[in-house]
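Peer 1: Got a structure here, written out as structure tokens. Questions coming.
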Ligand code: GLC
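Residue numbers (the working numbering): 18 to 554.
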């Protein structure tokens with residue numbers, strides 16, 4: 018397997034609007050990220066992924082872009098962006114931007130022109146039809162919205178304010194490639210590509226048998242030609258790193274996007290865990306990992322993450338954000354940083370931030386949740402019940418502001434934050450984490466350092482043990498003479514295991530562990546709730 022810098026890298030995701038507000042307007046901003054770079058660097062991460070900061074009416078928090086080549090005023094200016102980029106580089110880190118090219122905002126000048134007349138030269142930049150079909154969109158009951166001006170419907174995979182671009186149109190593709198070159202020429206190091214497997218549409222838009230399974234939106238004929246063209250026209254001319262957001266994908270299909278030599282993407286996010294496993298399910302998780310390892314190892318590179326700006330924070334969703342918050346946070350961190358694939362840290366994860374439960378729909382901001390709420394309540398359902406149903410997976414769970422210290426608003430802003438700060442900021446915050454040598458933060462830092470110094474965590478092969486066990490995930494990573502055994506008790510109960518059942522005669526030194534008092538002389542071990550321990554063997 019060939020070695021590259023990005024296979025060895027750890028990515029830190031910065032949802033800038035919730036990171037740090039430098040000017041008191043209630044929104045985090047690029048200047049705020051700039052001011053916190055020492056903190057980010059101290060974690061040891063290599064790459065920053067910046068969520069979209071392009072000009073946007075902000076219906077979907079920047080994923081509805083109205084101008085690809087300018088910075089949203091809430092985020093700052095191009096001058097601040099340039100300053101941030103060079104400061105990231107000065108620190109030896111890299112910066113990747115979100116590339117959102119499946120759709121634009123309905124306020125993009127292209128769409129304004131496109132909707133103005135059937136014979137407008139930009140009409141064909143988007144997808145217009147006289148007839149609709151029965152498809153659901155991510156954020157709306159239909160993928161089609163009727164437009165009065167010309168009496169036709171346009172297509173949108175997300176909200177009606179996010180019309181899909183028509184990738185069949187060569188001019189659209191050229192515009193996008195030119196825009197990508199604009200950012201790469203500025204010196205950015207690559208892209209996280211938003212729903213990149215949605216670009217090609219199913220020919221003829223046939224009705225779906227089961228419209229609620231929206232997988233018809235992705236992986237359609239032509240997608241690989243587009244990505245190979247993008248690689249050929251843009252990416253191959255730069256040392257650009259790319260990670261694709263790829264929903265509805267099997268390992269076999271995943272390999273078509275990230276297979277070495279396919280000249281498409283470097284790595285990808287699949288959503289078998291985050292989209293389809295609402296609560297922790299050990300057997301299912303093990304099977305997912307096994308299939309993806311089998312499908313990709315030696316052929317293409319995977320990514321590992323358990324939360325991001327779209328998915329409820331890991332301790333709240335899969336762990337225990339009360340009694341075992343620290344243990345479950347560090348246990349899942351050990352998991353993500355020792356499985357095969359690139360680890361991603363979503364801001365605040367490194368201090369064990371938790372999800373939220375706002376008491377009224379008005380306190381939520383997430384368009385996906387709000388639209389779903391309106392739809393369900395519109396059917397006559399009890400609003401309280403609908404709210405409860407949507408709270409657990411609301412995207413706002415992970416979008417509340419970063420908690421810096423115990424001062425008002427968690428030190429995030431001097432103004433009124435765009436979304437409420439989690440009231441637990443008094444106890445869970447960066448200042449507290451940095452002052453406690455046993456904090457979650459230092460555990461992450463150690464995991465990241467270990468990765469830097471031990472190629473086995475990157476290139477080591479993966480073998481699992483105790484596959485039937487519902488609490489314990491046990492596996493080795495092996496590279497040459499080096500082998501590590503990872504033992505994780507992903508549960509709130511104690512679990513007893515015998516070391517011999519993990520294919521190991523004798524344990525070597527402990528590499529990292531999240532409970533004090535473990536040693537390497539044990540033959541039978543009783544693992545504590547959410548205990549994680551890694552041994553050399
Ligand atoms: C991706 C983004 C999400 C956004 C959607 C539409 O899934 O991560 O935040 O709403 O695409 O662009």
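Idealized CB from N, CA, C, for every residue including glycine.
Assuming residue 257 contacts residue 207 under a Cβ cut-off of 8 angstroms, what Cβ separation, rounded to an integer in Å, is found between them?
Peer 2: Right, their Cβ atoms sit about 4 angstroms apart.
Peer 1: Is it true that the region 94-111 meets the region 120-140, where meeting means three or more beta-carbon pairs spaced less than 8 angstroms apart?
Peer 2: The region 94-111 vs the region 120-140: no contact.
Peer 1: Confirm the yes/no value for this check: CB of residue 413, any heavy atom of the ligand GLC, distance under 7 angstroms.
Peer 2: No - the ligand GLC has no heavy atom lying nearer than 7 angstroms to the Cβ of residue 413.
Peer 1: Excluding sequence positions up to five away, which residues of its chain have a Cβ less than 7 angstroms from the Cβ of residue 38?
Peer 2: 44, 45, 46, 49, 429, 430 and 432.
Peer 1: Taking only the alpha-carbon atoms, compute the straight-line gap between residue 427 and residue 247 and give it to the nearest angstrom.
Peer 2: Approximately 42 angstroms, taken between the alpha carbons.
Peer 1: Quick check: the region 213-226 against the region 194-205, are there 3 or more CB pairs under 8 angstroms?
Peer 2: Touching, no.
Peer 1: At 4 residues or longer, what runs of the alpha helix (DSSP H) sit wholly inside the region 234-283?
Peer 2: Segments of the alpha helix (DSSP H) lying fully in the region 234-283: 240-250 and 268-275.
Peer 1: Can you find the residues in the same chain that come closer than 7 angstroms, C-beta to C-beta, to residue 265, ignoring five residues on each side of it along the sequence?
Peer 2: If we look at residue 265 and ignore the five residues flanking it on each side, its Cβ neighbours are 232, 235 and 236.
Peer 1: Using a beta-carbon distance below 8 angstroms, is residue 501 in contact with chain B?
Peer 2: The structure shown has no chain B; it contains just one protein chain.
Peer 1: Just tell me which of 551, 326 and 320 has its CA closest to the CA of residue 533.
Peer 2: Ranking 551, 326 and 320 by Cα distance to residue 533 puts 551 first.
Peer 1: Strictly by DSSP, which residues pair up with residue 360?
Peer 2: DSSP, once it has assigned bridges, lists 321 as partnering residue 360.
Peer 1: Cα separation between residue 296 and residue 76?
Peer 2: Cα to Cα, residue 296 sits roughly 29 angstroms from residue 76.
Peer 1: Rounded to the nearest angstrom, what separates residue 259 and residue 541 at their Cα positions?
Peer 2: Spanning the two alpha carbons is a distance of roughly 44 angstroms.
Peer 1: For residue 272, tell me which candidate among 289, 315 and 467 has the shortest Cα-Cα distance.
Peer 2: Cα-wise, what sits closest to residue 272 is 315.
Peer 1: With H, G and I counted as helix, E and B as strand and the rest as coil, what does DSSP make of residue 550?
Peer 2: Three-state DSSP puts residue 550 in a strand.
Peer 1: Taking 8 angstroms as the limit between beta carbons, can you name the residues of its chain near residue 245, skipping five residues before and five after?
Peer 2: Around residue 245: 279, 280 and 281.
Peer 1: Applying the criterion that 16 or more other CB atoms from any shown protein chain within 10 Å of the CB defines a buried residue, is residue 345 buried or exposed?
Peer 2: The residue is buried, with at least 16 neighbouring Cβ atoms inside 10 Å.
Peer 1: Is residue 508 helix, strand or coil by DSSP?
Peer 2: Three-state DSSP puts residue 508 in coil, outside helix and strand.
Peer 1: How far does the alpha helix (DSSP H) with residue 307 in it reach, from first residue to last?
Peer 2: Here the alpha helix (DSSP H) through residue 307 covers 299-313.
Peer 1: What's the C-alpha gap between residue 531 and residue 545?
Peer 2: Cα to Cα, the separation comes out at about 10 angstroms.
Peer 1: Taking DSSP as the reference, what is the three-state secondary structure of residue 391?
Peer 2: Of the three classes helix, strand and coil, the one that applies to residue 391 here is helix, per DSSP.
Peer 1: How would you call residue 372, buried or exposed, if buried means at least 16 neighbouring beta carbons within 10 angstroms?
Peer 2: Its Cβ being crowded by 16 or more others within 10 Å, residue 372 is buried.
Peer 1: Using three-state DSSP, classify residue 489 as helix, strand or coil.
Peer 2: Strand.
Peer 1: Please report the residue range of the beta strand (DSSP E) in which residue 461 lies.
Peer 2: Element bounds for residue 461: not the beta strand (DSSP E) but the alpha helix (DSSP H), 457-470.
Peer 1: Short check: CB of residue 388 to CB of residue 225, under 8 angstroms?
Peer 2: Their beta carbons are not under 8 angstroms apart, which means residue 388 does not touch residue 225 by this criterion.
Peer 1: Does DSSP put residue 556 in a helix, in a strand, or in coil?
Peer 2: Only positions 18 to 554 of the chain appear in the structure, and residue 556 is not among them; the question remains open.
Peer 1: Would the region 456-474 count as touching the region 296-305 if we require 3 or more Cβ pairs under 8 angstroms?
Peer 2: No, the region 456-474 is not in contact with the region 296-305.
Peer 1: Less than 8 angstroms between the C-beta atoms of residue 283 and residue 23, yes or no?
Peer 2: Going by C-beta atoms, residue 283 is nearer than 8 angstroms to residue 23.
Peer 1: Looking at the ligand GLC, does it come within less than 7 angstroms of residue 332, judged from the CB to the closest heavy atom?
Peer 2: No, the ligand GLC has no heavy atom inside 7 angstroms of this Cβ.
Peer 1: Along the chain, where does the alpha helix (DSSP H) containing residue 229 start, and where does it finish?
Peer 2: Segment: none, residue 229 is in no alpha helix (DSSP H) and carries neither H nor E.
Peer 1: State yes or no: is the C-beta of residue 438 nearer than 7 angstroms to some heavy atom of the ligand GLC?
Peer 2: Result no, Cβ not under 7 angstroms from the ligand GLC.
Peer 1: Does the ligand GLC have even one heavy atom less than 7 angstroms from the beta-carbon of residue 327?
Peer 2: Yes; taking the cut-off as 7 angstroms, the Cβ of residue 327 has a heavy atom of the ligand GLC nearer than that.
Peer 1: With a CB to CB cut of under 7 angstroms and the five nearest residues on each side skipped, what residues in its chain are close to residue 240?
Peer 2: Taken in chain order, the residues that qualify are 214, 216 and 217.
Peer 1: Mind checking residue 511: buried by the 16 CB within 10 Å criterion, or exposed?
Peer 2: Classification for residue 511: exposed.
Peer 1: Nearer than 7 angstroms: is that true of the beta carbon of residue 211 relative to any heavy atom of the ligand GLC?
Peer 2: Yes, Cβ of residue 211 sits closer than 7 angstroms to a heavy atom of the ligand GLC.
Peer 1: Kindly examine the ligand FMN and report whether one of its heavy atoms sits closer than 7 angstroms to the Cβ of residue 71.
Peer 2: With respect to the ligand FMN, the structure shown offers nothing to examine, as its ligands consist of the ligand GLC.
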